[in-house]
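Numbering (the working numbering), first residue to last: 101 to 273.
Just so it is clear, CB atoms sit at the ideal spot from N, CA and C, and this is done for glycine as well.
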């Protein structure tokens, strides 16, 4: 078996999508920012916007166009209500979908919140060599996604087969 890649801190952008919260009331964004730093990654930037399809898409497009950004974490707008448009805004930007993320997120969430997890449209994909994760807006959902799926995939000290190998293959090209 090949040796696990070395840990390298990734530059992470956080976007909170909300019609109801200000930056002072952004518990899920605050949690993710703290978790990123505690995970020894770099909080490259942080933004907040309303649930507006083209505003979300433009902000994510700007982040993925920045070669310094490795990962975009989006919290909010993944539910079933008409204003929840994050997956619709972002999925068209994906070069590749990561369908297993949404499936795994809902499977893990089922153990925590039961059947309500079916209302989540959490998704992930790769855009311009940038990992993009669309998470629900609740702090609990962000904690679940980060601690049980995303963090282990971004740290080869936790999971030697995670996304670090993907980043390393991009660097080799």
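For residue 171, the enclosing beta strand (DSSP E) starts and ends at 171-175.
In the DSSP assignment, residue 128 is bridged to no other residue. DSSP, reduced to helix, strand and coil, places residue 217 within a helical segment of the structure shown.
Closest in alpha carbon position to residue 197, among 173, 215 and 232, is 232.
As the crow flies, the alpha-carbon of residue 193 is around 12 Å from that of residue 234. Counting only runs of at least 3 residues, the region 185-265 fully encloses the following beta strand (DSSP E) elements, listed from N- to C-terminal order: 223-227 and 230-235.
Annotated as proximal: residue 129 and residue 175, with beta-carbon spacing under 8 Å.
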